[in-house]
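S.K.: Residues in the sequence shown are numbered consecutively from 1160, following our numbering.
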Amino acid sequence: MALTLYVDRFWISPYAMSAFVALTEKGAMFETKEIGLDKKEHQQATYLAHTGRIPSLKHDDFWLAESSAIGEYVEERLSGPRIYPADMKERALCREIQAWIRSDFMPLREERATTTIWYERAKSPLSEKAKHAAERLIHGVSQLLKPGQLHLFANWCIADTDLALMLQRLNLNGDVLPVGLKTYAENQWKRPSVRAWNNRQRPPYVAY
Ligand SMILES: N[C@@H](CCC(=O)N[C@@H](CS)C(=O)NCC(=O)O)C(=O)O
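(1) Please report the distance separating the alpha-carbon of E1288 from that of Y1367.
(2) Closer than 8 Å by C-beta to P1337: which residues in its own chain qualify, once you throw out the five before and the five after it? Chain order, please.
(3) Hey, out of P1266, L1237 and D1197, whose CA is closest to G1186's CA?
(4) Report whether the distance from the Cβ of P1351 to the nearest heavy atom of ligand 1 is below 8 Å.
(5) At a cut-off of 8 Å, would you count H1201 as near ligand 1, judging by its Cβ distance to the nearest heavy atom?
(6) Report all residues from its chain with a CB closer than 6 Å to the CB of Y1232; omit the five preceding and five following residues, and keep chain order.
(7) Between the stretch 1162–1180 and the stretch 1189–1209, do at least 3 Cβ pairs fall closer than 8 Å?
(8) Would you decide whether N1330 is buried or exposed? Buried here means 16 or more other CB atoms lie within 10 Å of its CB.
(9) Which residues in the same chain as L1304 place their Cβ atom closer than 8 Å to its Cβ, once the five residues preceding and following it in sequence are excluded?
(10) Can you tell me which of the three DSSP states Y1206 falls into?
(11) Helix, strand or coil, according to DSSP, for E1249 in the structure here?
(12) Label M1247 either buried or exposed according to how many other C-beta atoms from any shown protein chain fall within 10 Å of its C-beta, with 16 as the threshold for buried.
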C-alpha cells in the first residue's frame, strides 16, 4: 500500500501538521509531497484532492482531504497505536476539540499565524478581539486540563497536537498563558512526531 501525504511547501499548515502527526504516531510508512500554495500548485489538474486544499492523503488511488477526516481514516485503516481514545466519551471529546480548534479563534489565527511559529515571531501585541479569543481558549481548555495534566486524557490523542499548536501560537510569541497550559503545550512540543514536523528544513518564506 502506498501512502502519500500532500503538505504545503513551507510546512506551516496546522492541518497538514495534524495529518502528518497522525500518520507518524501510527508508525505508518508514508511519503510526503510538497505543494506550493504560493505557486498555485494546488490548483493544477494533477492535484486530485476534491477540496483542492492541503493536506490530502493519497492511499493507492484513493484521495482524501480534510485533516480530521484523514486522522479518522488513518485510525480505522491502519494498525498501530491508537490516535483517538478507546473510550467513547473521550473519543467524542477528542473530536469536539478538533472541530473547535478548526472552527474558532480566527483573530488568533490571523494575528498569531503559523508563520510566527516556524518563521518569524509576531511583532505586534494582540488586538482586543484576539485577547478575547485567547481568554475564551484559556477558559475552555482550563476546564479540560487539570493542573499538571500533560495529556487531555489518560493517553495521548491527536487532539493534543491540535490543541498544543493553538496554545503555542500564544506561548511562542510571548503572550500570557497560565503556567499549566504553557507546560502542557511545551510538553506536547517534545513529542517525536511533533519534532519531526518542527525540524523540517523550510525554504525562505514567500508571502502569498
Ligand atoms: N478544514 C481543512 C482546512 C484546510 C486548509 O485550510 N488548507 C489551506 C492551507 S492551511 C489550503 O489548502 N489553502 C488553499 C486554498 O484553500 O485554496 C482541514 O482541516 O484540512
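Backbone N, C-alpha and C define an ideal beta-carbon position, used for all residues, glycine too.
M.R.: The structure says:
(1) Looking up residue 1288 in the sequence shown gives position 129. Looking up residue 1367 in the sequence shown gives position 208. The sequence shown places Lys at residue 1288, not Glu. If you take the alpha carbons of K1288 and Y1367, they lie about 24 Å apart.
(2) Translated into positions along the sequence shown, residue 1337 becomes position 178. Correct list, in chain order: I1297 and S1301.
(3) The residue given as residue 1186 occupies position 27 in the sequence shown. Residue L1237 is the option with its Cα nearest to G1186.
(4) Position 192 of the sequence shown, counting from 1, holds the residue named residue 1351. Outside the cutoff, so no.
(5) On the sequence shown, residue 1201 is found 42 positions in, with the first residue counted as 1. Yes, since a heavy atom of ligand 1 falls inside the 8 Å radius drawn around the Cβ of H1201.
(6) Mapped onto the sequence shown, residue 1232 falls at position 73. Cβ within range, chain order: L1223.
(7) yes
(8) Stepping through the sequence shown from its first residue, residue 1330 is reached at position 171. It is buried - the Cβ of N1330 has at least 16 other Cβ atoms within 10 Å.
(9) Counted from its first residue, the sequence shown places residue 1304 at position 145. Correct list, in chain order: L1311, G1339, L1340 and Y1343.
(10) On the sequence shown, position 47 is the one that residue 1206 refers to. Three-state result, Y1206: coil.
(11) Working through the sequence shown from its first residue, we reach residue 1249 at position 90. If DSSP states are grouped into helix, strand and coil, E1249 belongs with the helices.
(12) Walking along the sequence shown from the start, residue 1247 turns up at place 88. M1247 is exposed by the Cβ-count criterion.
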